[in-house]
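> Here it is, the structure, as structure tokens.
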Amino acid sequence: MNRRQLRARCSLESLCSESNLLLAADKARKHKSRRPDVERWWLVREREINRLRSELLAETWRPSGYRFFTIHEPKRRLIAAAPFADRVVHHALCNVMQPLLERRFVARSFSCQIGKGTSAAREVCRELTNRHAFVLKCDIHKFFPSIDHTILREKLSREIRCPGVLRLIGHLLASHVTDPWDIPPSFFAGDDLIDAACRPRGLPIGNLTSQLWGNFFLDSLDHWITETERHGAYLRYTDDFLLFGNDKDRLWELRAEIVRKLADIRLRLAVPKSRLLATREGVPFCGFRFLPGLRPRILGATKRRFETRRHRLYRTGMPMREIGLRVFAWYQFSREANSEGLRRSYCGWPLNGRQRKRRKKFRPLRGGKRAWRPSKREEGKES
């Protein structure tokens, strides 16, 4: 579909259609079907969907409160968990909004898109590491808590023309605002103390809409780097982006321009994490360290996190089948790296399909029976 058709589809009527709400409920229920609140909602899903549809069409729906909890791995983050009914609305909104916004995304943006993700981002990073000598690694300071609501609404209003959908987005944005006492605001040119502290900002970490809007918020930076500056050796995953090149001075110039462009949307770089590296020293990205001409290696912090989670699973008394399924997910992740010995020590599984299995030798016993006996070589090892 072209842009006009996608804009016509991103309407309140399409969002509130029964088929879209059923699809959204099925997506929100994925991997959470055994939770008590999800089971209760799913038993009366027809009634709940009709209630949501009538409230959304009448524009009387409002988000409920969040349940907040803190995680400490890989770093300390405040997670906001919305009720299941609100998550259905989030998915319904993304179903009609994502195809329109994805048309603007550049090819080297890998976050929150169908057919992309961390695996595709790591593959591109490995290719660029082999072709360039230097990399400018950039990270944005407190990205999700710092996203300005006014700037985000202006950006979304240029793509979405339905007033009802824009009002719904406004209600979702107003449901969570970063407390300036928890995360102090950043000050930019022309700000005073009151204006900077009172500007609404922040997206809750945990909503599907936050991932999509965060990716869209940095879309202007992607287009400026790849089209205006014509720097093609670039990739971004959420707020972590890399610029490769063979000229250090050119990369430093781009960094200074990036700081100015981020200031226009009230963001700033995380100084300790944003630095210029030689690719021969290794490029840390998405849990791996990439080296030219070599397979990537797993970062030490990633190994320690998995070891902690593995011991925690064994202490819970969970059935071994469920533990095996969870460990297998990490096993598949680690197969992309040079981690054969690590996988064997952690999981105890074969390295790959090409590994040869030692064949057992059979020797005849007295009485004509055949049974297994160790070979002379194995007998020597045992002695």
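For the sequence shown, numbering that gives the first Met the number 0 gives the first residue as 0, with consecutive numbering after it. Every residue, glycine too, gets a C-beta built ideally from N, C-alpha and C. Since this is a predicted model, take the numbers as computed values, not measurements.
Just verifying my parser: in three-state terms, what is the DSSP assignment at S10?
Looking at S10 - three-state DSSP - the assignment turns out to be coil, as it is neither helix nor strand.
> Assign P144 to buried or exposed, taking buried as 16 or more other Cβ atoms, counted over all protein chains shown, within 10 Å of its Cβ.
Under this definition P144 is a buried residue.
> Taking Y313 as part of the alpha helix (DSSP H), name the residues at either end of that continuous run.
Counting along the chain, the alpha helix (DSSP H) containing Y313 begins and ends at G299 to R314.
> Using beta-carbon positions only, say whether R44 and L21 come within less than 9 Å of one another.
Yes; because the gap between Cβ atoms is below 9 Å, this pair is in contact.
> What does the alpha-carbon distance come out to for the pair L261 and W180?
Between L261 and W180, the C-alpha separation is close to 23 Å.
> Under the DSSP definition of a beta bridge, which residues are partnered with D147?
According to DSSP, D147 bridges with R200.
> By Cβ distance below 6 Å, which residues in the same chain neighbour F305 in space, the five residues on each side in sequence not counted?
Answer for F305: W329, listed in chain order.
> Okay, do the stretch 147 to 154 and the stretch 249 to 261 touch, 3+ Cβ pairs below 8 Å being the bar?
No, the stretch 147 to 154 does not touch the stretch 249 to 261.
> Mapping the DSSP letters down to three states, classify K272 as helix, strand or coil.
In this structure, K272 counts as coil in the three-state DSSP scheme.
> Along the beta strand (DSSP E) that carries F327, what are the first and last residues, could you check?
Run containing F327: none in the beta strand (DSSP E); it sits in the alpha helix (DSSP H), M319 to S333.
> In the stretch 111 to 163, which residue ranges form an unbroken beta strand (DSSP E) of at least 3 residues, counting only runs that do not cross its ends?
As far as the stretch 111 to 163 is concerned, its whole beta strand (DSSP E) runs of at least 3 residues are 133 to 138.
> Considering only residues of the same chain and omitting the five flanking positions on each side of T177, which have a CB-CB separation below 7 Å?
P144, R200 and G201, listed in sequence order.
> Would you tell me roughly how many angstroms separate the C-alpha atoms of R61 and A7, rounded to the nearest one?
Taking the straight line joining both Cα atoms gives about 24 Å.
> Starting from the Cα of E72, find the closest Cα among R325, R308 and R157 and give me that residue.
Among R325, R308 and R157, the Cα nearest to that of E72 belongs to R308.
> My assumption, with CB atoms under 8 Å, is that L56 sits in contact with L11. Please give the rounded CB distance.
Their Cβ separation, rounded to whole angstroms, is 7 Å, which keeps L56 and L11 in contact under 8 Å.
> Going by beta carbon distance, what residues of the same chain come within less than 6 Å of F289, once the five residues before and after it are set aside?
Answer for F289: C124, R125, T128, V282 and P295, listed in chain order.
> State the CB to CB distance for the pair R152 and G169, rounded to an integer number of angstroms; the pair is presumed to be in contact (CB under 8 Å).
Right, the Cβ-Cβ distance comes to about 7 Å (below 8 Å), so this counts as a contact.
> Tell me, please, whether the stretch 85 to 92 touches the stretch 20 to 37 by the rule of three or more beta-carbon pairs shorter than 8 Å.
A contact exists between the stretch 85 to 92 and the stretch 20 to 37.
> Kindly indicate which residue of Y65, I257 and A277 has the alpha-carbon position closest to the one of S219.
Comparing Cα positions, the closest option is I257.
> For V164, count the other beta carbons within 10 Å of its own beta carbon; 16 or more makes it buried, fewer makes it exposed. Which is it?
By the 10 Å Cβ count, V164 comes out buried.
> Starting from the C-beta of S273, find all residues in its chain whose C-beta is less than 6 Å away, skip the five residues before and the five after it, and write them out in chain order.
Correct list, in chain order: C137 and D138.
> Classify P98 as helix, strand or coil using the three-state DSSP reduction.
P98 falls in the helix class under three-state DSSP.
> Between the stretch 208 to 216 and the stretch 180 to 196, do three or more beta carbon pairs fall short of 8 Å?
At 8 Å Cβ cutoff, the stretches do not touch.
> Confirm, please, whether the CB-CB distance from L14 to V95 is below 9 Å.
Yes, these two residues count as a Cβ contact at 9 Å.
> In angstroms, rounded to a whole number, what distance separates the CA positions of A336 and F287?
So the two alpha carbons sit approximately 7 Å from each other.
> For R28, report the span of its alpha helix (DSSP H) as first-last.
It spans E17 to R28 - the alpha helix (DSSP H) in which R28 sits, taken as one unbroken run.
> Taking the alpha-carbon positions, what's the V270 to L312 distance?
Distance between the alpha carbons of V270 and L312: 36 Å.
> How big is the Cα-Cα spacing for A119 and R314?
Between A119 and R314, the C-alpha separation is close to 34 Å.
> Hey, how far is the Cα of D190 from the Cα of L324?
Rounded to the nearest angstrom, the two C-alpha atoms are 52 Å apart.
> Near F284, what residues of its chain come up, given a Cβ to Cβ distance below 6 Å and the 5 sequence neighbours on each side ignored?
Correct list, in chain order: C124.
> I'd like to check one pair, T278 with F68: are the Cβ atoms closer than 9 Å?
Not in contact: F68 and T278 (Cβ atoms no closer than 9 Å).
> Can you grab the Cα-Cα spacing for the pair D36 / G64, in whole Å?
Each residue's alpha carbon lies about 15 Å from the other.
> Can you tell which of R267, S338, I224 and E321 has its C-alpha closest to the C-alpha of L293?
Of the listed residues, the one whose Cα sits closest to L293 is S338.
> Any idea if R353 is buried or exposed, counting beta-carbon neighbours within 10 angstroms, 16 or more meaning buried?
Residue placement at R353 cannot be trusted, given a pLDDT of 45 that sits under 50; the coordinates are not used to answer.
> What number of angstroms, rounded off, separates the C-alpha of R303 from the C-alpha of E17?
Taking the straight line joining both Cα atoms gives about 46 Å.
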